[in-house]
Amino acid sequence: MTQSRSDSKRTNTNTTEDSTRWRILAVLLAAIAMSLINVSIVNVALPSIQEGLGASQSDLQWVLSGYALTFGVVLVAAGRAGDLLGRGGIFVVGVVVFTAASIASGLAPDADWLNAARFVQGVGSGLLSPQAVGMIQQYFRGAERGRAFGHFGTAVGLSVGIGPVLGGLLIELGGADLGWRLTFLANVPIGIAAIIMALAWFPKPLFSHGPKESTNAPHGILHTFRSLDPIGAVLLGLAVFAALFPFMESQSSPLTWLLLPLGIALVALWIRWERRYARLGRSPMVDLSIFSTRSFTNGALIMTLYFTGMTSIWVLVALYLQQGLGESALATGLISTPAAFISAFAANWAGRRVMTYGRKMVIWGLFLALTGLAASIAVVLLHAGGYLSFWWLLPTLALIGVAQGAVISPNQALTLAEVPLQYAGSSGAIMQTGQRIGTSIGIAVITAAVFASLNVTTWSLAVTLGFGLIMLVVLCALGVALKDLRVRASDPQHR
Numbered sequence: 001m002t003q004s005r006s007d008s009k010r011t012n013t014n015t016t017e018d019s020t021r022w023r024i025l026a027v028l029l030a031a032i033a034m035s036l037i038n039v040s041i042v043n044v045a046l047p048s049i050q051e052g053l054g055a056s057q058s059d060l061q062w063v064l065s066g067y068a069l070t071f072g073v074v075l076v077a078a079g080r081a082g083d084l085l086g087r088g089g090i091f092v093v094g095v096v097v098f099t100a101a102s103i104a105s106g107l108a109p110d111a112d113w114l115n116a117a118r119f120v121q122g123v124g125s126g127l128l129s130p131q132a133v134g135m136i137q138q139y140f141r142g143a144e145r146g147r148a149f150g151h152f153g154t155a156v157g158l159s160v161g162i163g164p165v166l167g168g169l170l171i172e173l174g175g176a177d178l179g180w181r182l183t184f185l186a187n188v189p190i191g192i193a194a195i196i197m198a199l200a201w202f203p204k205p206l207f208s209h210g211p212k213e214s215t216n217a218p219h220g221i222l223h224t225f226r227s228l229d230p231i232g233a234v235l236l237g238l239a240v241f242a243a244l245f246p247f248m249e250s251q252s253s254p255l256t257w258l259l260l261p262l263g264i265a266l267v268a269l270w271i272r273w274e275r276r277y278a279r280l281g282r283s284p285m286v287d288l289s290i291f292s293t294r295s296f297t298n299g300a301l302i303m304t305l306y307f308t309g310m311t312s313i314w315v316l317v318a319l320y321l322q323q324g325l326g327e328s329a330l331a332t333g334l335i336s337t338p339a340a341f342i343s344a345f346a347a348n349w350a351g352r353r354v355m356t357y358g359r360k361m362v363i364w365g366l367f368l369a370l371t372g373l374a375a376s377i378a379v380v381l382l383h384a385g386g387y388l389s390f391w392w393l394l395p396t397l398a399l400i401g402v403a404q405g406a407v408i409s410p411n412q413a414l415t416l417a418e419v420p421l422q423y424a425g426s427s428g429a430i431m432q433t434g435q436r437i438g439t440s441i442g443i444a445v446i447t448a449a450v451f452a453s454l455n456v457t458t459w460s461l462a463v464t465l466g467f468g469l470i471m472l473v474v475l476c477a478l479g480v481a482l483k484d485l486r487v488r489a490s491d492p493q494h495r
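In our numbering, the protein residues as written are 1 to 495.
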């Protein structure tokens, strides 16, 4: 009888822990969905912002670029702060900053105010995003972690799919001036709900020292400040800024491109500083030894290459349909939205099976991406010849949606599987930083190649060139994934 009660008590405890983990995940996904919906809504709202505020083209560029820039700059430092001070606390701070900036954006009296608010919004997103990845690492293990990342991918896909439709409805409802404001203010109830749920469900205290800290270490303010590695944070933040800025402001001056070698020099200086910091017995911002874990290095490289290529697809499709064929924004949304929802379903399916199939799932996803790109090229060329409707892009882009679900979330789970928990936030943030840099470089280079080719050819051939360049980058990612599979087959420790 006593044994039975004991077993029952253990079962109830495990059930409670299970319930807590999945509630934590629900809060994380709500905030991530909010930040992603905000990105896709803003893309739809740009014409209304221009009309409502009298914004210039440069102003509109910075509505997008300012957010992406501050997001990328703070990612790794925010991830490390969460590792040390408590991921739950930094997450809540990030949601508060993002929600407050959304209110400021929605009430902006002019373009300068809006861009300043967007910079702050990027900071908020940069604070909360690595905590979500770190907390999934912290609270989930094995197959459950794969499922959690699958739900993460589902949230990403649904957010990307819902955003343009929701943005269009809000703009239609509110008109030229109020409509675009509603696209920002729509974040507010989601943000407030996420804050309330986090305060109710996250383990207490929200701010606490991470697992790296030993029980004998002094926990004063100076020690905590040194553990955050402020000089390392500044060096890496400046390096990311120098790498991203030329691709966001490439039309301003050729001198802007001088920031690229400066960025490389800053990365080298940051690496030397991190090694010195570790030799002094202090906790560096990033444990550089994680790069000797092959699964992490290969996975981060796969993700950077994948985002360098694949994020340009949706930009090219929008340009081709609207500028090349003269179709409406609605047609563009109808073409691309099904792929986003299919990606959400595929991510959930893949997340449940990634621990069974491992890197093979990512490899098959990359093959599907190449197949979808080749099929899209065929549709574009056959449409130019008068043989097919452009609506045949629906199934080819849907295939790319399946590929996204099979690549992004599974690769994230595999890449972080062997990373020490005390560096889960900063390591996840490194991977996200690679994604941001890859996205910026890919869109800038591939769209530049397409526009340059338009001087001598047609839209169909220019888009074919763009898709071909994307295929080359995806082939590089496939090469890295095949190499990682061989390493895993030859090394039982998967290092």
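Every residue, glycine too, gets a C-beta built ideally from N, C-alpha and C. What you are looking at is a predicted structure, and each value in this text was computed from that prediction instead of being measured.
Query raised in the report: Taking one C-beta from the region 336-355 and one from the region 66-84 each time, how about it: are there three or more such pairs within less than 8 Å?
Result: no
Report task. Could you pull out every residue in the same chain whose Cβ sits closer than 6 Å to the Cβ of Leu182, ignoring the five residues on either side in sequence? Result -> Leu170 and Gly174
Query raised in the report: Where does Thr356 sit, in a helix, a strand or coil, going by DSSP?
Result: helix
Requested in this report: Report, in whole angstroms, the separation of the C-beta atoms of Ser40 and Gly191, which I expect to be a contact under 8 Å.
Outcome: About 17 Å; that fails the 8 Å criterion.
Requested in this report: Pull up the distance between the alpha-carbon of Pro109 and that of Ala233, whole angstroms please.
Outcome: 34 Å
Query - Through-space distance from Met310 to Ala403, alpha-carbon basis - result: 10 Å
Query - Close beta carbons around Leu382, own chain, < 6 Å, minus the five adjacent residues each side - result: Leu388
Query raised in the report: What did DSSP end up calling Phe119 once you bin it into helix, strand or coil?
Result: helix
Query raised in the report: With 16 other CB atoms within 10 Å as the buried threshold, where does Arg282 fall?
Result: exposed
Requested in this report: Just mark Phe451 as buried or exposed, buried being the case when its beta carbon has 16 or more other beta carbons within 10 Å.
Outcome: exposed
Report task. Evaluate the contact criterion for the region 88-98 versus the region 122-132: three or more CB pairs, one atom per stretch, below 8 Å. Result -> yes
Query raised in the report: Cα separation between Ile430 and Ala384?
Result: 42 Å
Query raised in the report: Rounded to a whole number of angstroms, what is the C-alpha to C-alpha distance between Leu25 and Gly386?
Result: 49 Å
Report task. Give the range of the alpha helix (DSSP H) segment to which Ala104 is assigned. Result -> Arg87 to Gly106
Query raised in the report: Touching or not, the region 31-46 and the region 138-151, by the rule of three or more beta carbon pairs under 8 Å?
Result: no
Requested in this report: Could you tell me the distance, in whole angstroms, from the CA atom of Val354 to the CA atom of Met361?
Outcome: 7 Å
Query raised in the report: With distances taken between CB atoms, is the gap from Gly288 to Leu266 smaller than 8 Å?
Result: Position check: residue 288 holds Leu in this sequence, whereas Gly was assumed. For Leu288 and Leu266, no; Cβs fall outside 8 Å.
Query raised in the report: What residue range is occupied by the uninterrupted alpha helix (DSSP H) comprising Tyr387?
Result: First-last for Tyr387: undefined, no H or E at that position.
**Report entry** For Thr16, the three-state DSSP class (helix, strand or coil)
**Finding:** Residue confidence is low: Thr16 scores 40 on pLDDT, short of 50, so the model does not pin down where it sits. No coordinate-derived value is stated.
Query raised in the report: For Thr458, does the count of other Cβ atoms within 10 angstroms reach 16, so buried, or fall short, so exposed?
Result: exposed
**Report entry** From Val27, Ser409, Leu114 and Trp392, residue whose alpha carbon lies closest to that of Pro203
**Finding:** Val27
Query - Cutoff 8 Å; reference Pro211; Cβ partners in own chain excluding five residues on either side - result: Bear in mind that the predicted position of Pro211 carries a pLDDT of just 47, short of 50, making it unreliable; the figure below should be weighed with that in mind. Once the five neighbours on either side are set aside, the close Cβ partners of Pro211 are Leu421 and Gln422.
Requested in this report: Assign Arg486 to one of two classes, buried (16 or more other C-beta atoms within 10 Å of its C-beta) or exposed (fewer than that).
Outcome: exposed
Query raised in the report: Could you give the residue range of the alpha helix (DSSP H) that holds Leu316?
Result: Arg294 to Leu319
Query raised in the report: Mind checking whether Val155 and Ala33 have CB atoms under 8 Å apart?
Result: With the sequence shown as reference, residue 155 is identified as Ala, and Val is not the correct amino acid for it. Closer than 8 Å, so yes.
Query raised in the report: Are Val95 and Ala186 touching if we call contact CB-CB under 8 Å?
Result: no
Requested in this report: Would you identify the three-state DSSP class for Asp110, choosing helix, strand or coil?
Outcome: coil
Query raised in the report: Roughly how many angstroms separate the alpha carbons of His151 and Arg294, rounded to a whole number?
Result: 26 Å
Report task. In angstroms with no decimal places, state the Cα-to-Cα distance between Ala406 and Leu368. Result -> 9 Å
Requested in this report: Rounded to whole angstroms, what's the CA-CA distance from Ala242 to Ser19? Just pull it up for me.
Outcome: 44 Å
**Report entry** the region 370-377 touching the region 462-482, judged by at least three CB pairs closer than 8 Å
**Finding:** yes
Query raised in the report: Going by beta carbon distance, what residues of the same chain come within less than 6 Å of Gly161, once the five residues before and after it are set aside?
Result: Thr337, Ala340 and Phe341
**Report entry** Own chain residues within Cβ distance below 8 Å of Phe345, not counting five before or after
**Finding:** Thr154, Gly157 and Gly405
Report task. Identify which residue in Ala444, Tyr357 and Gly466 has its Cα closest to the Cα of Ala489. Result -> Tyr357
Query - Buried or exposed by the 16-neighbour rule on C-beta atoms within 10 Å, applied to Ser56 - result: exposed
Query raised in the report: Where do the ends of the alpha helix (DSSP H) carrying Ile290 lie?
Result: Note, Ile290: premise wrong, no alpha helix (DSSP H); not H, not E.
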